[in-house]
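Here is the structure we will look at, set down as structure tokens.
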Amino acid sequence: MTASRVDFSGVPATMLKTLHLRALDAGSANPVLGDHHAAQAVRRIDHDWRRLDKRGAANAAYAVALRGRIFDDLVAEFLRQHPTAVVLNLACGLDSRAFRLQRPAGSDWFDVDLPEVVELRRDLYAEEARYRMLAGSVTDPRWLGELPAHRPALVVAEGLMMYLTPERNWELLRRLTEHFDTGEVLFDGVAPWVATTTQVLKGYFHRWYRSPAYLTSHRHYPGIIAETPRLRHIADVGVLSDTDAAPDPSVRRYYRIVRKLVDVEDSVRVFRTGF
Ligand SMILES: C[S@@+](CC[C@H](N)C(=O)[O-])C[C@H]1O[C@@H](n2cnc3c(N)ncnc32)[C@H](O)[C@@H]1O
Numbered sequence: 002m003t004a005s006r007v008d009f010s011g012v013p014a015t016m017l018k019t020l021h022l023r024a025l026d027a028g029s030a031n032p033v034l035g036d037h038h039a040a041q042a043v044r045r046i047d048h049d050w051r052r053l054d055k056r057g058a059a060n061a062a063y064a065v066a067l068r069g070r071i072f073d074d075l076v077a078e079f080l081r082q083h084p085t086a087v088v089l090n091l092a093c094g095l096d097s098r099a100f101r102l103q104r105p106a107g108s109d110w111f112d113v114d115l116p117e118v119v120e121l122r123r124d125l126y127a128e129e130a131r132y133r134m135l136a137g138s139v140t141d142p143r144w145l146g147e148l149p150a151h152r153p154a155l156v157v158a159e160g161l162m163m164y165l166t167p168e169r170n171w172e173l174l175r176r177l178t179e180h181f182d183t184g185e186v187l188f189d190g191v192a193p194w195v196a197t198t199t200q201v202l203k204g205y206f207h208r209w210y211r212s213p214a215y216l217t218s219h220r221h222y223p224g225i226i227a228e229t230p231r232l233r234h235i236a237d238v239g240v241l242s243d244t245d246a247a248p249d250p251s252v253r254r255y256y257r258i259v260r261k262l263v264d265v266e267d268s269v270r271v272f273r274t275g276f
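Mapping the sequence shown onto the working numbering, position 85 (from 1) lands on 86, and the numbers just tick up by one.
Structure, rendered in structure tokens:
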């Protein structure tokens, strides 16, 4: 157990949700991601997890686990091709990607998040040779200067860009592609209808709706990429493009119903860009 009770508000609180969802997946009969580090972390953190044990959590756990797996596969492929890569995992929260994946001996990995999140993260995970945790805002240009710039770089931003304004995302991408010689940036984004829904909920039902609103949707990305010198779109994929493959029949049923109402496939997409 962590020494003091953990409670965050605003965007940092969202990483407790994704952690909890990955732990749910890990504990399910047929895990999609199987992140046992998440399950362990949930046991170790003193937090009122019951508030997150809502009906329908298995549906969200499936989406978050699938998103994590898509990112993991892309990172693993990059590391296979570039064993001396520098990986910069932005807004890492309590995610265990650095320990889930095989890191080649010649690679370096940096996990970055806000200071209060990194403080908690240090209670759960230890730094190792060629694995470091950096405390700072992704909007702060200072810490980037410390990182090796002349090796292939892989920047990962899972569950981050929707919380920043389009302007801040553009500044971030521009700074990253100016710092590193070459590499890829992986990020995800939500559909415009998803972002608008959170903004309406936040605007009118803020007492009940505690989550932060999404400020950027994936409709902004083509413009942001086009405005970022050197950055090019490589591919993107809908996280929920094949929900009939969900191992849990109740999750399959849920998405079959939701699919009739909204464009589920487009709701969350993972983008691969290069420079
Ligand atoms: C939805 S969580 C995602 C965490 C992790 N990537 C995962 O998938 O579990 C959003 C994360 O963004 C981080 N974050 C938000 N704004 C940030 C900023 N300006 N600088 C660094 N991290 C930030 C939060 O602290 C939080 O950990």
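Built from N, CA and C at the ideal position, the CB exists for glycine as well. Quantities reported herein were computed from a predicted structural model and do not represent experimental measurements.
- Unbroken beta strand (DSSP E) runs of no fewer than 3 residues, entirely contained in the segment 112-152, are found at 132-136, following chain order.
- Distance from the CA atom of L177 to the CA atom of A14, rounded to whole angstroms, is 26 Å.
- Distance from the CA atom of D49 to the CA atom of L165, rounded to whole angstroms, is 27 Å.
- Secondary structure at I71: helix, using DSSP grouped into helix, strand and coil.
- A Cβ-Cβ separation of about 10 Å leaves Y255 out of contact with V265 under the 8 Å criterion.
- Residue state for T15 is assigned as helix, using DSSP reduced to three classes.
- About 7 Å separates the Cβ atoms of V113 and L89, confirming a contact at the 8 Å cut-off.
- Within the chosen limit of 7 Å, ligand 1 reaches the beta carbon of P13 through at least one heavy atom.
- DSSP, reduced to helix, strand and coil, places W50 within a helical segment of the structure shown.
- The C-beta distance from A66 to D26 rounds to 4 Å, short enough to meet the 8 Å contact threshold.
- Taken through DSSP and simplified to helix, strand or coil, A192 comes out as coil.
- Residue pairing by DSSP places T274 opposite V186, H234 in a beta bridge.
- Going by C-alpha positions, G69 is about 7 Å away from L34.
- By the neighbour-count definition (other C-beta atoms within 10 Å, threshold 16), V186 is a buried residue.
- In the structure shown, L89 adopts extended strand secondary structure according to DSSP, grouped into three states.
- Annotated three-state conformation of V7 is coil, per DSSP.
- In terms of CA proximity to G184, L174 leads the group A192, G190, L174.
- Minimum Cα-Cα distance from V12 among the listed residues D36, G239, H219, G160 corresponds to G160.
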